[in-house]
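Number of protein chains: 2
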Amino acid sequence: MPAVPTARERARRELTADILEAARRQLAESGAAALSVRAVARELGLASSALYRYFATRDELLTALIVEAYGDLADAVEAAAAPRRGRSRRARFTGGCRALRAWAVEHPHEYALVHGSPVPGYRGDERTTAAGARAPLALLAVLDGLEDPAPVARLEPRLAEGASRIAAAGAGAVPPRLVVAAAQCWTALLGLVSSELFGQLANTFDPADAFADATIEALADRLGL
Amino acid sequence: MPAVPTARERARRELTADILEAARRQLAESGAAALSVRAVARELGLASSALYRYFATRDELLTALIVEAYGDLADAVEAAAAPRRGRSRRARFTGGCRALRAWAVEHPHEYALVHGSPVPGYRGDERTTAAGARAPLALLAVLDGLEDPAPVARLEPRLAEGASRIAAAGAGAVPPRLVVAAAQCWTALLGLVSSELFGQLANTFDPADAFADATIEALADRLGL
DNA sequence: ACTGCGCAAGAGCACCGCTCTCGTCCGTGA
DNA sequence: TCACGGACGAGAGCGGTGCTCTTGCGCAGT
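These protein sequences, in sequence, are chains A and B. Each residue of the first sequence is one higher than the one before, counting from 11 in the working numbering. Each residue of the second sequence is one higher than the one before, counting from 11 in the working numbering.
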């Protein structure tokens, strides 16, 4: 393990970064299905076979992009939902939701890559699932410290189990019932953004800003914020 | 225009149906991205070029499958949400939602085809959008005749506009505010089902039945059913 | 019976992911 | 210092894809 990286290692790192950059650009321009190893190689002036020294497979290149996309998305959500002086819980929550939508609108192909239909045959591994948990956990963290709105009612066992699994993954002191409600809001948020991006709202709420804002406010209402 | 179809015409119709059937099977087995004109041709013992007499393009074959899928899905939802003696509005709504989820779980690739990320470069035409409107309209029809829960509050103009566009597309006598709420529930429902099918719920609410049922009940609550 | 059109087949083009081989050049241990 | 092993890039090649064009056959209407 040399303290100073050798020339080979530097070159390898740089070329890896270049490959990722070119792949990122192709993804942003034409989407995941159009991302081709050969096209990336062409863009870099390399033989396509050379790329396989850096990414054993197209799927591995895609995985790297997925992890990047999850990370970008989570950065945006975390920044918007972070606690700050004078920022109410509700503002943190709605801000986080709006940040997610804004990121998705700005990076539609990346959003589709992580929250659209999975590439067939593709299986996410622990890297992608870990990266994917950050954004919803950032929203869940907004609820930290709230009290159970209906502490006397029993929570369905399977829901309680799911909530406990989420708690184990990083929910602080959020009551299980609220964890369930937050998960429902999370899927609703994904549905909102996916519907907008994938054209399900065509001819109805087409510039979807007002609809999205109203929906996000409704989610905040539902969580009692 | 012969009253009795000629042998050629019958053959053409049959072969078209055979092609669609084989394509449907491939779609159900391996997903849209893996659907290949050549493979369909192989399965039918034809030259791949012969298929192009029936579907000018792979996308056109896909469009036919999309329309079919939308239709199947709408059939399921409409049947479950239809008015029937002794069936409450709430039962019709939750039944329709559950029918959508059940259909999606049973036909994951078809669901992904219509409600997942769009195939890049693919553009839906009026056929697909018309077919896609049936299922949400069936759920909206459950609300027909209900009264505005907050008639005094003003509805944001852009939301009112969207609601009126939906009304023009077939919402009966549903107050605009409820149309907006129903649209929000529709996107939430899609988010629920997509999250389950696309693996976003992995390691949390994994057998998602309880979570889905609870979410659907919450949607019904939100609509005041 | 003849003619024209619908049809299926095959070859072919440009692209894809991926593999294998081959010469080269760098980094390291002797 | 030098030799060797391993990392590297290039290129050819395999089997797959969507799609086009040409060719020949057989049915259908005049």
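For each residue, glycine too, the CB sits at the ideal point set by N, CA and C.
Quick one: residues in its chain with C-beta nearer than 7 Å to the C-beta of residue i, no 5 flanking neighbours on either side, listed in chain order?
i	result
Cys195 of chain A	Leu229, Arg232 and Leu233
Val50 of chain A	Ile29, Ala32, Ala33, Gln36 and Leu61
Asp216 of chain B	none
Ala13 of chain B	Confidence is the limiting factor: at Ala13 of chain B the pLDDT is only 49, short of 50, which leaves the residue's position unreliable and the question unanswerable from this model.
Ala148 of chain A	Ala84, Val87, Glu88, Ala91 and Gly106
Thr225 of chain A	Leu202
Pro93 of chain B	Arg102
Arg95 of chain A	none
Val162 of chain A	none
Please check the pair residue i and residue j, which I expect to be a contact at CB under 8 Å, by giving their CB distance rounded to whole angstroms.
i	j	result
Glu120 of chain B	Ala79 of chain B	4 Å
Thr26 of chain A	Val77 of chain A	Not confirmed; about 14 Å, so no contact.
Ala43 of chain B	Leu83 of chain B	Their Cβ separation, rounded to whole angstroms, is 20 Å, which puts Ala43 of chain B and Leu83 of chain B out of contact at 8 Å.
Glu45 of chain B	Leu72 of chain B	Before going on, a small fix: residue 45 of chain B reads as Leu here, not Glu. Correct: roughly 7 Å between the Cβ atoms.
Glu206 of chain A	Ala192 of chain A	So it is not a contact: roughly 21 Å between Cβ atoms.
Asp158 of chain A	Pro185 of chain A	4 Å
Phe208 of chain B	Ser127 of chain A	6 Å
Gly81 of chain B	Ala141 of chain B	6 Å
Ile176 of chain B	Thr214 of chain A	5 Å
Leu75 of chain A	Leu123 of chain A	7 Å
Ser204 of chain B	Ser58 of chain A	Incorrect: roughly 34 Å between the Cβ atoms, too far for contact.
Ala198 of chain B	Ala198 of chain A	4 Å
If I measure Cβ to Cβ from residue i and keep anything under 6 Å in the same chain, skipping five residues before and after, which residues do I get?
i	result
Ala90 of chain B	Gly105, Gly106 and Ala109
Ser40 of chain A	none
Arg99 of chain A	Val152 and Leu235
His125 of chain B	Leu200
Arg187 of chain A	Asp158 and Leu165
Phe103 of chain A	Val152, Ala230 and Leu235
Val47 of chain B	Ser58, Leu61 and Arg68
Val190 of chain B	Leu169 and Ala173
Arg111 of chain A	Val203 and Ala222
Glu136 of chain A	none
Trp113 of chain A	Leu83 and Ala86
Gly180 of chain A	Leu147
Leu17 of chain B	It is Ala, not Leu, that sits at residue 17 of chain B in the sequence shown. Excluding sequence neighbours, Ala17 of chain B sits near nothing in its chain.
Val115 of chain A	none
Excluding sequence positions up to five away, which residues of its chain have a Cβ less than 8 Å from the Cβ of residue i?
i	result
Ala38 of chain A	His117, His119 and Glu120
Ala183 of chain B	Asp154 and Gly155
Tyr64 of chain B	Arg22, Leu25, Thr26 and Ile29
Gln210 of chain A	Ser204
Ala160 of chain B	Arg187
Glu227 of chain A	Thr104
Could you pull out every unbroken alpha helix (DSSP H) segment of at least 4 residues lying fully inside the stretch 128-215 of chain A, listed in chain order? 136-151, 167-179 and 186-207
Entirely enclosed alpha helix (DSSP H) segments - the stretch 45-116 of chain A, minimum 4 residues: 47-54, 58-61, 68-91 and 99-116
| field | Members of the stretch 149-172 of chain B that neighbour chain A once the beta carbon cut-off is set at 9 Å | value | Glu166, Pro167, Arg168, Leu169, Glu171 and Gly172
Listed from N- to C-terminal order along the chain, which residues in the stretch 47-81 of chain A have their beta-carbon within a distance smaller than 7 Å of any beta-carbon of chain B?
none
Output, in sequence order along the chain, the residues in the stretch 82-109 of chain B whose CB is closer than 7 Å to any CB in chain A.
none
Next on the checklist: Short of 9 Å Cβ to Cβ, which residues in the stretch 18-52 of chain B face chain A?
Outcome noted: Ser40, Gly41, Ala42, Ala43 and Ala44
Against chain A, which members of the stretch 190-213 of chain B pass a CB distance test of less than 9 Å? Only those residues of the stretch 190-213 of chain B whose C-beta falls short of 9 Å from the nearest C-beta of chain A are listed: Val190, Ala191, Ala193, Gln194, Cys195, Trp196, Thr197, Ala198, Leu199, Leu200, Gly201, Leu202, Val203, Ser204, Ser205, Glu206, Leu207, Phe208, Gly209, Gln210, Leu211, Ala212 and Asn213.
| said: Give me the subset of the stretch 174-188 of chain A whose CB atoms are less than 8 Å from a CB atom of chain B, sorted by chain position. | reply: Arg175, Ile176 and Ala179
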